[in-house]
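Structure record follows, encoded as structure tokens.
Residue numbers (the numbering used here): 10 to 390.
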């Protein structure tokens with residue numbers, strides 16, 4: 010079904026669920042919001058009700074993250090995959106790194122990366138007079154540049170290499186996720202398995218080298234830096250001291266109007282001056298547009314949780330071992346929650362903020378909920 014969905018170019022529409030999440034989209038459309046599917050021998054119930062979503066997000070010890078394909082752990086480990094006390098401990102370590110005052114110091118790196126990209130575009134236009142530009146490769150590079158600069162600071166080049174390896178690892182991981190998992194398969198010396206383990210080793214070695222170098226500098230009395238690695242190391246040191254070892258989108262007239270409004274607002278706030286962090290709080294139209302983009306194109310399209318004992322969830326009784334699927338991409342475009350224009354691009358729905366737009370319900374979670382969602386929300390906005 011995925012291959013069929015991707016076999017044709019996507020129409021100029023904001024309704025991308027049939028393309029990126031075809032099977033669950035079809036199931037929910039045909040059988041309702043509390044429908045379920047089978048993942049091998051495991052039933053997975055779809056949850057789109059805001060009240061039930063709130064309960065799941067608030068009961069982190071009852072609704073835990075399921076064990077993933079072991080090969081995908083070569084792509085992502087850490088806070089997104091932790092539960093219980095381990096999650097709480099790592100949350101305490103990572104929290105300080107995402108306070109707004111800390112992120113404020115990273116705004117210069119954001120600006121530099123964006124400015125570099127815009128300079129490249131301007132040079133292309135000046136050479137040709139006018140040009141049709143595929144921005145996707147540039148945006149991918151921008152993402153890696155921003156992460157590398159803010160996360161690793163002076164170790165920027167090493168950080169970029171890690172990001173390139175992660176990108177390759179993600180492509181291989183998606184291939185394994187979409188195939189039937191056979192226990193023990195990861196131990197076979199297949200081409201994909203061998204390459205994923207090679208990438209993982211190179212990433213781990215590179216990260217350890219960067220971290221060890223920075224730790225030695227800090228212990229030797231060197232200045233502590235404001236990049237993400239420096240902040241996390243400082244936070245980790247404090248924790249140890251206290252507790253010991255414990256897509257393709259077409260542009261229509263409305264898009265042009267919104268782009269014009271955002272440009273006018275940026276020029277009004279900053280003029281021709283270099284953007285500064287404090288001024289970002291005055292970019293109301295830009296913030297509304299970013300929220301609407303996150304609503305229509307959530308980075309995390311679905312979250313999955315599992316119950317290890319019988320659990321009551323609203324009017325549902327979930328037996329032990331059942332998984333629940335929280336499809337953000339479907340919740341974000343639910344007309345009962347967002348109105349008749351739920352599948353349209355309308356930033357003005359956020360004119361009074363997220364709480365007003367969602368009417369206080371859990372119907373907007375582009376990065377998930379909890380500390381990780383809060384941290385990513387701060388970085389993005």
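A virtual CB, placed ideally from N, CA and C, is assigned to each residue, including glycine. Just so it is clear, the structure is predicted and the values come from calculations on it, not from any experiment.
Annotation: the continuous beta strand (DSSP E) that includes residue 312 extends over 312-315. Only exposed fits residue 143, as fewer than 16 other CB atoms lie within 10 angstroms of its CB. A check of alpha carbon separations from residue 55 across 186, 114, 340 and 17 identifies 340 as the nearest. Approximately 5 angstroms separates the beta-carbon atoms of residue 307 and residue 337; this is inside 8 angstroms, confirming the contact. Here the alpha carbons of residue 71 and residue 277 stand approximately 49 angstroms from one another. A distance below 6 angstroms between beta-carbons, with the five flanking residues on each side excluded, links residue 368 to no residue of its chain. Counting C-beta pairs closer than 8 angstroms gives fewer than three between the segment 311-319 and the segment 145-162, which falls short of the contact rule.
With contacts defined by Cβ atoms closer than 8 angstroms, residue 333 and residue 65 form a contacting pair. About 5 angstroms separates the CB atoms of residue 346 and residue 372; that is less than 8 angstroms, so the two are in contact.
Taking all protein chains shown into account, residue 300 has 16 or more neighbouring C-beta atoms within 10 Å of its C-beta and is therefore buried.
Cβ-Cβ distances below 8 angstroms link residue 169 to 153, 154 and 157 in the same chain, with the five nearest sequence neighbours on each side left out; the list follows chain order. Between residue 118 and residue 185, the beta carbon gap of about 33 angstroms keeps them out of contact (Cβ cut-off 8 angstroms).
Residue state for residue 371 is assigned as coil, using DSSP reduced to three classes. If you draw a straight line from the Cα of residue 208 to the Cα of residue 180, it is about 12 angstroms long.
Each of 134, 73 and 129 was checked against the Cα of residue 147, and the nearest Cα belongs to 129.
When the Cα atoms are used, residue 41 and residue 51 turn out to be separated by approximately 19 angstroms. The Cβ neighbour count for residue 204, taken over all protein chains shown within 10 Å, is under 16; the residue is labelled exposed. Cβ contact annotation for residue 279 (same chain, cutoff 7 angstroms, sequence separation greater than five): 288, in chain order. Counted as a single uninterrupted DSSP element, the beta strand (DSSP E) harbouring residue 322 occupies residues 320-322. Note on geometry: alpha-carbon atoms of residue 188 and residue 68 lie some 31 angstroms from one another. Annotated three-state conformation of residue 332 is strand, per DSSP. In the three-state reduction of the DSSP assignment, residue 187 falls in the coil class. Judged by beta-carbon spacing, residue 323 lies within the 8 angstroms limit of residue 58, meaning their Cβ atoms are closer than that value.
Looking at the DSSP output, residue 47 bridges to 52.
Put simply, the backbone Cα of residue 131 is about 29 angstroms away from that of residue 23. In this structure, residue 285 lies away from residue 139, with their beta-carbon atoms at least 8 angstroms apart.
If you ignore the 5 residues before and after residue 172, its C-beta comes within less than 7 angstroms of the C-beta of 153, 156 and 157, all in its own chain and listed in chain order.
Going by C-alpha positions, residue 218 is about 32 angstroms away from residue 145. Nearest in C-alpha terms to residue 374, of all of 305, 75, 206 and 321, is 305. Beta-bridge annotation (DSSP): residue 292 is not paired with any residue. DSSP, reduced to helix, strand and coil, places residue 19 outside both helices and strands of the structure shown, so it counts as coil. Residue range 325-327 is occupied by the beta strand (DSSP E) that includes residue 325, with no alpha helix (DSSP H) assigned at that position. For residue 35, the secondary structure class from DSSP, reduced to helix, strand or coil, is helix. Under a 10 Å Cβ-count criterion, residue 26 is classified as buried, with 16 or more other Cβ atoms of the shown protein chains found around its own Cβ. Residue environment: residue 193 is assigned as exposed (fewer than 16 neighbouring CB atoms within 10 Å of its CB, all protein chains considered).
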